[in-house]
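Residue numbers (my numbering), protein chains in the order written: chain H, 488 to 876; chain E, 488 to 876. No residue lacks a Cβ here, since even glycine has one placed at the ideal position from N, Cα and C. Quantities reported herein were computed from a predicted structural model and do not represent experimental measurements.
Protein chains: 2
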Amino acid sequence: MRQLIQNLEESKIRELANEAMGRSDVLAFWFGESDEVTPEFIRRAAIESLERGETFYTHNLGLLELRHAIAKEMSRRHGPLEIGIERIAVTSGGVNALMIACQALISPGDEVVVLTPLWPNLCAQALIMGAKLTSVPLAPTGGAWELDMESLLGALKPSVRLLILNSPNNPTGWTLTRDEQMKILEHCREMGIWVLADEVYENLYYEKTVNGCAPSFLDISRADDSLIVVHSFSKSFLMTGWRLGWMVAPAKILSSIGKLIEFNTSCASLFTQRAGLVALERAHEVTPRVVSHLKSCRDILCNGLKAIEGVELTTPRGGMYAFFKINGHSNSLTVSKKLVQQVGLGVAPGEAFAKESSEWFRWCFASKEPSRLTLGIHRLQEWLHTQAK
Amino acid sequence: MRQLIQNLEESKIRELANEAMGRSDVLAFWFGESDEVTPEFIRRAAIESLERGETFYTHNLGLLELRHAIAKEMSRRHGPLEIGIERIAVTSGGVNALMIACQALISPGDEVVVLTPLWPNLCAQALIMGAKLTSVPLAPTGGAWELDMESLLGALKPSVRLLILNSPNNPTGWTLTRDEQMKILEHCREMGIWVLADEVYENLYYEKTVNGCAPSFLDISRADDSLIVVHSFSKSFLMTGWRLGWMVAPAKILSSIGKLIEFNTSCASLFTQRAGLVALERAHEVTPRVVSHLKSCRDILCNGLKAIEGVELTTPRGGMYAFFKINGHSNSLTVSKKLVQQVGLGVAPGEAFAKESSEWFRWCFASKEPSRLTLGIHRLQEWLHTQAK
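Here you go:
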């Protein structure tokens, strides 16, 4: 067993979830997942595929019709330049696309820069492939996390192989501006650095934009830029458990990506891809409703939290998480455990995402019933009240 | 892009399959897949799970009931020692289990020994993780491939980290004997070498044995041996396209395997796992029928091939492939292409598996209709006839 693998941190969120094992009274907001089942018509497409007997291997890069539908959707969101199918690979989930991108790009000892706080999987994947990681921390200014462009560009030296970032960001809600993206892309071009952009939350964006999405590297990049953008069906289509995602990459590396898919999972299940195809074709029946519901969930949660004395947060522009501090309660893992044990409230400790966010908490507001959020807020208040005594 | 990834060979089987693109008259025997749809009751279990709305993330290591069923089945096959669920991880296919095992065990520069000819994915996975590969070739004696124990043990020096082998073997049909397994395991224990055994074909074994399976390392190993055995639902349950497999590993590394699953695919889809559970519970309705059918397919194909002048082969004890030579036609890639183009017969070139098998051909006999095999044999005869003119 590699020492490095043993040393990878066990998820602190899982550690916390274990505290609640066997208890039905816990309101869990710790995972990044809606509690709403995948829409019936999407499930129906997979069921019909199974009934037709589509149980065989399929193309490494994904079903041709699905790749076409993804290319069309990516072009619609990020035109005017067309994004062709020669840049699309279908994967067994967004996380799988990210792992495959790391396998494609990271040789042992390569320098990789990450922007933190960050979903821990992104750091772990690079480490598994033998990367030397440098973390550039975002800085919390008031309740909002901001990028210090100077320290990022300073860290992106010519010796760096790859920059990994996630915007809209899990856990902070921080979202790159167009201006920041242009500076980063320009600099990485000059230095010969690859960019791996996890943009799975791009649809879950609550500001007005032309395409309804958060700013994306695909809006400003050329087809041959050293850029891989990763997407998932999980969040925008309520399809977490399906394990279906995709990447947009330069056409010249697609055949190598196909090889890596062969060596990792061979292909995504065809019946799962049929569900993805219908989800994209009828996206208008799902995503706008999901986003508008999430926006109201966000507002309920953030306004509720802001009304609590001592809670510090900024309403996030994107994603599905409120990220907040509670004055006087700075050990996020200890406090999170107490919240589960004492009032049945499950939030994720900021420690799970970076050292610099160890005093913060992440609360996923993707809740079918917004009343669950209100109840959760009451539990937090109740707990703070007992602490003040 | 890593040079190493670019250098990984594109599948020669895919190269060949591309030759047949758009032709409906080709009899394809090049992929390792039955042409029979997954049994209805297995598909039904996934459909019912989807109807119930089981579309959420599940445990990294797999559904508890499925892990129990796998542990029970592994104990039944490989007792008397019980194999407990603390040694079982469910993965997104056998290939995914193998990749995760490589991530767990191979640090950059580690020496890895492989027995060849071999399914090319096994070498590629080790290379992706930065292994230095040493290949120990099996030797064809007459039509049968045999292990030279002395050269294998000679290659397994204390500096070696890992031995990777696949028995019953794809493509040769070679199968380790109990005696050979004991010698290898004993030696690896002494030298501190891990064994990664791809045993996905263990059920597809045509000799009489107590448990109906090929000899397995699990029959003779201790629970804490440095051994990972990989399995798949693909072959014994006609579930290739589902992407569901498992590994049996020492209990002490299971939590690390769980982390790696999180970073690779997070989990296998729950509805897919429900199908796997029903497949195991009702294995007696599928596997014996599949194996007995494959045995008659094997006999039809091997007897047919043996009757052709100049064809050299031994009937394999296990697996689903006939591996053969044709005197006077030694460039397997060129000949395979001609067979597709000229008589619509699709076999896999031995070149795809190792240098030393470049004069051989692999023919998958997993055919729902045995008449397809007979027709294929006729096409080979027809082609040889035109060549002789």
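### Query
Buried or exposed: E/Gln612, going by 16 or more other Cβ atoms within 10 Å of its Cβ?
buried
### Query
DSSP puts E/Tyr808 in a beta bridge; with which residues?
E/Cys851
#### Entry: Through-space distance from E/Phe758 to H/Asn505, alpha-carbon basis
23 Å
### Query
Is it the case that the Cβ atoms of H/Trp517 and H/Ala738 are separated by a distance below 7 Å?
no
### Query
Does the Cβ of H/Leu683 have 16 or more other Cβ atoms within 10 Å, making it buried, or fewer, making it exposed?
buried
### Query
Nearest CA to the CA of E/Phe766: which residue from E/Ala556, E/Glu541 and E/Trp661?
In the sequence as displayed, the identity of residue 766 of chain E is Ala instead of Phe. Nearest C-alpha to E/Ala766: E/Ala556.
### Validate contact between the segment 741-759 of chain H and the segment 558-566 of chain H using beta carbons, cut 8 Å, 3 pairs
no
### Query
Taking 7 Å as the CB-CB cut-off, is E/Lys499 touching chain H?
no
### Query
For E/Thr873, which of E/Tyr808, E/Lys825 and E/Glu838 has the nearest alpha-carbon?
E/Lys825
### Task
Would you grab the beta carbon distance between E/Tyr808 and E/Trp847 for me? Rounded to a whole angstrom, and I think it's under 8 Å.
With 8 Å as the limit, E/Tyr808 and E/Trp847 do not qualify as a contact, their Cβ atoms being about 11 Å apart.
### Message
Using a 10 Å radius around the Cβ and a threshold of 16 neighbouring Cβ atoms, would you call H/Ala794 buried or exposed?
### Response
exposed
### Query
Taking the beta strand (DSSP E) that H/Leu652 falls in, what are its first and last residues?
Val647 to Asn653
### Task
Have a look at E/Ser646 and E/Asn657 and give me their C-alpha separation to the nearest angstrom.
27 Å
### Query
Taking any Cβ of chain H, which residues in the segment 580-591 of chain E have a Cβ under 7 Å from it, in chain order?
Gly580, Val582, Asn583, Met586, Gln590 and Ala591
### Task
Could you tell me which chain E residues have their CB closer than 8 Å to the CB of H/Ser756, listed as they occur along the chain?
Gly728, Trp729, Arg730, Ser756 and Thr759
### Endpoints, the alpha helix (DSSP H) within which H/Met678 is located
Arg665 to Met678
### Query
By the criterion of Cβ-Cβ separation under 7 Å, what are the contact partners of H/Val524 in chain E?
Gly540 and Thr542
### Task
May I ask you to report which of helix, strand or coil DSSP gives E/Ile813?
strand
### Query
Where does E/His718 sit, in a helix, a strand or coil, going by DSSP?
strand
### Query
Hey, how far is the Cα of H/Leu553 from the Cα of H/Glu541?
15 Å
### Query
Among residues of its own chain, excluding the 5 on either side of E/Gly581, which ones have a beta-carbon nearer than 6 Å to its beta-carbon?
Val687, Val717, Ser719 and Gly732
### Message
Could you pull the DSSP bridge partners for E/Trp733 from this structure?
### Response
E/Val577 and E/His718
### Message
For E/Met508, tell me which candidate among E/Leu860, E/Val577 and E/Val827 has the shortest Cα-Cα distance.
### Response
E/Val827
### Task
Output yes if chain H places a C-beta closer than 7 Å to the C-beta of E/Glu719; else output no.
At residue 719 of chain E the sequence reads Ser, which differs from the Glu that was named. No - not a single Cβ of chain H is within 7 Å of the one on E/Ser719.
### 7 Å Cβ cutoff met for E/Ile787 and E/Pro857
yes
### Message
For chain H, check one thing: does any of its Cβ atoms lie closer than 7 Å to the Cβ of E/Ala611?
### Response
yes
### Nearest to H/Thr696 (by Cα), restricted to the options H/Ser819, H/Ile748 and H/Arg665
H/Arg665
#### Entry: Helix, strand or coil at E/Ala558 [DSSP, three-state]
helix
### Task
Would you identify the three-state DSSP class for E/Gly833, choosing helix, strand or coil?
strand
### Task
Starting from H/Thr662, trace the beta strand (DSSP E) both ways and give me its first and last residue.
Counting along the chain, H/Thr662 falls outside any beta strand (DSSP E), and DSSP gives it neither H nor E.
### H/Ala532 versus H/Ser783 - alpha carbon distance
30 Å
### Query
Rounded to whole angstroms, how far is the Cβ of E/Glu520 from the Cβ of H/Phe750, which I believe are closer than 8 Å?
That belief does not hold up - the Cβ atoms of E/Glu520 and H/Phe750 are roughly 17 Å apart, past 8 Å.
### Task
Select from the segment 617-644 of chain E all residues with a C-beta closer than 9 Å to any C-beta belonging to chain H, and list them in chain order.
Gly617
### Message
Is there a C-beta anywhere in chain H that falls below 7 Å from the one on E/Pro595?
### Response
yes
### Message
So within the segment 488-532 of chain H, which uninterrupted alpha helix (DSSP H) runs reach at least 4 residues, ignoring any that extend past its ends?
### Response
490-494 and 499-506
### C-beta neighbour in chain E for H/Ala533, strict 7 Å
yes
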